[in-house]
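Following: one structure in structure tokens, then a few remarks.
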Amino acid sequence: MRNFFAENQIEALLVTSDRNRQYLSGFTGTTGYLLITEKEALFFTDFRYLEQAKEQSPHFTVIDNRRKMLESVAEEVKKRGLKHIGFEENHVTYGEYKSWLSRMEGVDWVPTAGLVEQLRLLKDEGEIQKIRKAAEIADSAFAHILAYIKPGVTENEVALELEYTMRKLGASAPSFDTIVASGYRSAMPHGRASNKKIETGELVTLDFGAVYEGYVSDMTRTVAVGEISPKLHEIYRVCLEAQQKGVEELGPGMTGQEADALCRDYITSRGYGEAFGHATGHGIGLEIHEGPTLSLNSEIILQPGMVVTVEPGIYLPGVGGVRIEDDLLITEDGSEIITKSKKELIQLG
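Per my numbering, the sequence shown runs over residues 1255 to 1603.
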């Protein structure tokens, strides 16, 4: 982290992002600022989290905010004579910024972006193991939910059962609002669960994940309820072939744009390019969407240790849609699939 100070012309960094705070300190509570200087690491929090911060962040000096957080920070800044402090421009409101200016006169606040996020791109073995466990929970929940999906059950009921099952298996929470989209709603890429009842002859898209010790998984499977139309069979086959191509050929050294093209070009070649309107994938870790991005405009170079999704989709309004998604670890010579659930079309009932 301190390696970024010179190039950004700062002598300290104030970290206010919850996830960046957790990454740097290990703290899982909801309140606190970090002030990283050339030689010190300070953790500002209040009475509710003092003992937790001391336990989870042993490499930080924990400071009790007996007044407002800003006053505690200002006092420590003044003690150290800090004049050039970086802040996370994407995680600070304009109101907060104005307060800093008025409370800490003489300090040059330098906007920075992505300093901690650059470190988070590459996962260490401990992080990878947590993502593996989160994926294992999601896989087990998917196996369970297959017996639950049937005509007459609502999308909301399926989502609740999925989330309840993941919690029973050790998840602290779902990774995001679970997507269950059936029939015509499966053509909505982010069709969060509704009160619509599942019917025979429909595809049902399930996009969900588990949080395990702060790290997430993200998996999508699309299943059929009863016999489906030839058109739905066709788009499932094309999407599956595109996803398999993306998974098999993904590896280090390619750009996010090149990774995106693995799936996109195949779907386009089969005549469904206009029906695939989102990125092929994204990074996961402490957040469900983080770097790197696998998209049309992504120039980032994939490296071993990155964990990404590969999730092409085909969406036909009024007809239905398909998305298939796995989590993958970029390795030295390719990639490793972390999510293990079957991808060939499952027809229920």
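Every residue, glycine too, gets a C-beta built ideally from N, C-alpha and C.
These numbers come from a predicted model, not from an experiment.
Item	Value
Glu1411, enclosing alpha helix (DSSP H) - first and last residue	Glu1409 to Lys1422
Distance, Gly1340 Cα to Gln1263 Cα	8 Å
Ranges of the beta strand (DSSP E) found wholly within the segment 1520-1577, counting only runs of at least 3	1535-1537, 1544-1548, 1561-1564, 1567-1570 and 1574-1577
Start-end ranges of the alpha helix (DSSP H) lying completely within the segment 1304-1379, minimum 4 residues	1304-1310, 1323-1334, 1348-1357 and 1369-1374
Of the listed residues Arg1446, Arg1386 and Ile1382, nearest to Val1412 (C-alpha basis)	Arg1446
Whether Val1269 touches Leu1296 by CB criterion (8 Å)	no
Buried or exposed (CB count within 10 angstroms, at least 16 for buried), His1536	buried
Proximity below 8 Å, CB of Ala1425 to CB of Tyr1466	yes
Cα-Cα separation between Pro1365 and Glu1343, rounded to whole angstroms	5 Å
Short Cβ contact (8 Å threshold) for Val1458 with Thr1432	no
Cβ neighbours of Tyr1469 in the same chain (closer than 7 Å, five flanking residues each side left out)	Glu1381, Lys1384, Ile1385, Ala1388, Gly1539 and Leu1540
Beta-carbon spacing of Asp1472, Thr1563 below 8 Å	yes
Check whether Ser1595 and Asp1393 have beta carbons under 8 Å apart	yes
Ser1271 versus Thr1284, Phe1259, Glu1261 and Glu1265, residue with shortest Cα-Cα distance	Thr1284
Contact under 8 Å by Cβ, Phe1298 with Val1331	no
Range of the contiguous alpha helix (DSSP H) that encloses Arg1273	Asp1272 to Ser1279
Cβ distance (whole Å) where Met1560 is taken to contact Leu1373 below 8 Å	Met1560 to Leu1373, Cβ: 12 Å. No contact.
Three-state secondary structure assigned by DSSP to Ser1394	helix
DSSP-derived helix/strand/coil call for Asp1514	helix
Which listed residue (Tyr1418, Glu1481 and Arg1421) has its alpha carbon closest to that of Gly1437	Glu1481
Coarse secondary structure for Ser1448, derived from DSSP in three states	coil
The segment 1500-1510 contacting the segment 1586-1593, beta-carbon criterion three pairs below 8 Å	yes
Exposed unless 16 or more other CB atoms sit within 10 angstroms - verdict on Ser1279	buried
Distance CB(Ser1440)-CB(Gly1574) smaller than 8 Å	yes
Where Leu1599 falls: helix, strand or coil (DSSP)	coil
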